[in-house]
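Q: There's a structure below that I have some questions on.
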Amino acid sequence: MREVRVRFAPSPTGALHIGGVRTALFNYLLARQQNGTMILRVEDTDQARYVPGAEEYILKSLEWVGIKIDEGVGVGGPYAPYRQSERKPMYMQYAQKLVDEGNAYYAFDTEQELDAMRERLSAAGVASPQYNSITRMQMRNSLTLPEDEVKSLLQVGTSHVVRLKVPRKEEVRLNDMIRGWVMVHSSQIDDKVLMKSDGMPTYHLANVVDDYLMKISHVIRGEEWLPSAPLHVLLYKYLGWEEDMPQFAHLPLLLKPTGDGKLSKRDADQMGFPIFPLDWTDPTSNEKAPGFRESGYLPEALVNFLAFLGWNPGTTQEIFSMDELIKAFSVARIGKAGIKFDIHKAQWFNQQYLRSKPNEVLADYLLHDLQDKNIVCSREKAIKIVSVIKERVTFPQDFWEQGRFLFIPPDSFDESVVNKKWNSEATNVLNAYKLEITKLPLLNATNAKSTLEQVTATLGIATGKILQALRLSLTGLGVGPDLMMIMEIMGKDEVVSRITFALQKLAVKVA
RNA sequence: GGUCCGUUCGUCUAGGGGUUAGGACACCAGAUUUUCAUUCUGGUAACACGGGUUCGAUUCCCGUACGGACUACCA
Numbered sequence: 020m021r022e023v024r025v026r027f028a029p030s031p032t033g034a035l036h037i038g039g040v041r042t043a044l045f046n047y048l049l050a051r052q053q054n055g056t057m058i059l060r061v062e063d064t065d066q067a068r069y070v071p072g073a074e075e076y077i078l079k080s081l082e083w084v085g086i087k088i089d090e091g092v093g094v095g096g097p098y099a100p101y102r103q104s105e106r107k108p109m110y111m112q113y114a115q116k117l118v119d120e121g122n123a124y125y126a127f128d129t130e131q132e133l134d135a136m137r138e139r140l141s142a143a144g145v146a147s148p149q150y151n152s153i154t155r156m157q158m159r160n161s162l163t164l165p166e167d168e169v170k171s172l173l174q175v176g177t178s179h180v181v182r183l184k185v186p187r188k189e190e191v192r193l194n195d196m197i198r199g200w201v202m203v204h205s206s207q208i209d210d211k212v213l214m215k216s217d218g219m220p221t222y223h224l225a226n227v228v229d230d231y232l233m234k235i236s237h238v239i240r241g242e243e244w245l246p247s248a249p250l251h252v253l254l255y256k257y258l259g260w261e262e263d264m265p266q267f268a269h270l271p272l273l274l275k276p277t278g279d280g281k282l283s284k285r286d287a288d289q290m291g292f293p294i295f296p297l298d299w300t301d302p303t304s305n306e307k308a309p310g311f312r313e314s315g316y317l318p319e320a321l322v323n324f325l326a327f328l329g330w331n332p333g334t335t336q337e338i339f340s341m342d343e344l345i346k347a348f349s350v351a352r353i354g355k356a357g358i359k360f361d362i363h364k365a366q367w368f369n370q371q372y373l374r375s376k377p378n379e380v381l382a383d384y385l386l387h388d389l390q391d392k393n394i395v396c397s398r399e400k401a402i403k404i405v406s407v408i409k410e411r412v413t414f415p416q417d418f419w420e421q422g423r424f425l426f427i428p429p430d431s432f433d434e435s436v437v438n439k440k441w442n443s444e445a446t447n448v449l450n451a452y453k454l455e456i457t458k459l460p461l462l463n464a465t466n467a468k469s470t471l472e473q474v475t476a477t478l479g480i481a482t483g484k485i486l487q488a489l490r491l492s493l494t495g496l497g498v499g500p501d502l503m504m505i506m507e508i509m510g511k512d513e514v515v516s517r518i519t520f521a522l523q524k525l526a527v528k529v530a
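Numbering (the working numbering), first residue to last: 20 to 530.
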């Protein structure tokens, strides 16, 4: 068996889409499992669509999710350079070979001429107007023009492209690892441009040439490439590389959560979830888009989630570390159908991973947010807080969100709780309770509770009836973590002062 | 429109000629929790449709419908 060499080959035209991350992940899993090589190649042959910063963004994104590049842009390697724009001089010779052997030709048609051809064809009722074995005979190319005219056109530097001469009648077939045999008749394939007039190769040529040169063994990419895969097969054949053709695996696409269509940034915006791994600011429009990282997703959770989009281990195990994924992965267990993206599952994974972290690590998240807010908090206290609200969080920032009342006393109180629970019974208990607490040397969860029970017992009121009022006075809210622990964390003085404040502020309502 | 690919609970999926069609997320209910959350228990819920083949089809074949991708000197 040949050495496994896979590549992730994005275009630096903007932020890396989450679907791209998944493609990279599947490549990576295969590479690691087979002791192969993961290559990053940047396909920047379209100068017009180049976006500054995009390449760096891709690199950072892959690093964040834990996909390590063995060879390619950013790390180098034996087949450098790995940026197609820097490989520009290499492609012409292959195009030339195709031309010389009669498998490609020069075309001099202008944009207007191409438009006119398409219009003429569609006016004549042709189903799919394209530059192909029939129409090329009516166009201006080295197949129709006299040889000396072609020569002189080339000599004076007339703008031209190189097109593949697709055979008229031939069954082109490829064996996709996911879809099995896919057959397309060559009459359905058009004479694709291989070399553009600016001297750059198109995706099709560059991709095939580079995959061959870099000894790629498996091409794992999105299903959007399936229609052009037969063209690539033809290219391998004409270039004489059939023996070295990689195995193809076309991944099912990520679709919108609701309705139909493929997942887009618009859907993500509308439904309030990220679609890019990291925050991204478009350099031209300055438009900002949120990233999974900044939204609080843990890379290991995202990886686990992404791996299950189109793949499954065949067992009931759901939680997989990267190493476990590497062991369990197989292309054979990748599904064929498109996948509706459901952010709920991603959140669930996040929750699972977040909760499994030790309190010390979780405390760092809280401490970090507190630092941003200029709030001082000891590590021990942070650990205590985190352990109390651990079971109620999905994202790291939830520790702050749900624990903020511990640092910022309430200045307003939940109306509905006030209406329901703030009555003279409650204020009586609170007044007495406050006094009793003051006498305590130190307040902790245990004596906070026993003291409260004493007070309610002497006043002849059920503890349960006033607990919500106590919570309200301390946090301003009707819900939250265990009250006794909250009091222990706040400490005696804070508890007393908050009860006092609530008693003052809400006094009016009692009367 | 044409070409190609696809279709099992709302979602991700397992399965496969004879199964009570399994799991997870989500949802709902009950228990626990003085609240909410957690946790536990239970529940609703699927083989797109029509023809074949077969003793028998959700599973195999063919159509239809529906969905998706592609249809650029973009990748």
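Here a beta-carbon is modelled for each residue, glycine too, at the ideal position from N, C-alpha and C.
On the DSSP bridge list, what partners appear for L273?
A: In DSSP, L273 forms a bridge with I358.
Q: Looking at H269: is its Cβ nearer than 8 Å to the Cβ of D195?
A: Yes.
Q: Return the Cβ separation of K400 and L462 in integer angstroms, given the expectation that the two are a contact with Cβ distance under 8 Å.
A: Contact flag wrong, Cβ pair sits at about 14 Å.
Q: Name the DSSP beta bridge partners of P220, please?
A: Answer by DSSP bridge pairing, in chain order: M214.
Q: Just checking, does the stretch 196–206 make contact with the stretch 216–223 on the three C-beta pairs under 8 Å criterion?
A: Contact fails: fewer than three Cβ-Cβ distances are below 8 Å.
Q: CB I88 to CB P29, shorter than 8 Å?
A: Their beta carbons are not under 8 Å apart, which means I88 does not touch P29 by this criterion.
Q: Kindly identify the DSSP beta-bridge partner or partners of M109.
A: DSSP output for M109 lists no bridge partner at all.
Q: Do T413 and Q473 have their CB atoms nearer than 8 Å?
A: Not a contact, by the Cβ cut-off of 8 Å.
Q: What does DSSP give as the partner residue(s) for A308 in the beta ladder?
A: Paired residue(s): W299.
Q: Between the C-alpha atoms of I456 and I480, what's the straight-line distance to the nearest angstrom?
A: When rounded, the distance between both Cα atoms is 18 Å.
Q: The alpha helix (DSSP H) spanning Y47 covers which residue range?
A: Where Y47 is concerned, the enclosing alpha helix (DSSP H) stretches over I37 to Q52.
Q: Using a Cβ distance threshold of 8 Å, determine whether the stretch 143–155 contacts the stretch 205–215, with at least three qualifying pairs required.
A: Flag = yes, the stretch 143–155 and the stretch 205–215 touch.
Q: How long is the line joining the alpha carbons of L381 and V498, rounded to whole angstroms?
A: So the two alpha carbons sit approximately 22 Å from each other.
Q: On the DSSP letters alone, give me the boundaries of the beta strand (DSSP E) that I58 sits inside.
A: Element bounds for I58: T56 to L59.
Q: Roughly how many angstroms separate the alpha carbons of M156 and G121, rounded to a whole number?
A: Taking the straight line joining both Cα atoms gives about 15 Å.
Q: Contact between the stretch 113–128 and the stretch 241–250: three or more CB pairs below 8 Å?
A: No, the stretch 113–128 is not in contact with the stretch 241–250.
Q: Thinking P296 and S314 are a contact (beta carbons under 8 Å), I'd like their distance in whole angstroms, please.
A: With a Cβ gap of about 10 Å, P296 and S314 do not count as contacting.
Q: Locate the alpha helix (DSSP H) running through V25, then write down its first and last residues.
A: Premise fails: V25 lies in the beta strand (DSSP E), R24 to F27, not in any alpha helix (DSSP H).
Q: Check each candidate in K346, E90, L59 and E189 and name the one with the smallest Cα separation from A43.
A: Of K346, E90, L59 and E189, the residue nearest in Cα terms is L59.
Q: Would you decide whether A123 is buried or exposed? Buried here means 16 or more other CB atoms lie within 10 Å of its CB.
A: Buried: at least 16 other Cβ atoms inside 10 Å.
Q: Out of E410, F418 and H237, point me to the one whose CA is closest to D388's CA.
A: The option with the nearest alpha carbon to D388 is F418.
Q: Compute the Euclidean distance between the alpha carbons of G483 and E513, then round it to the nearest angstrom.
A: Their Cα atoms are separated by approximately 23 Å.
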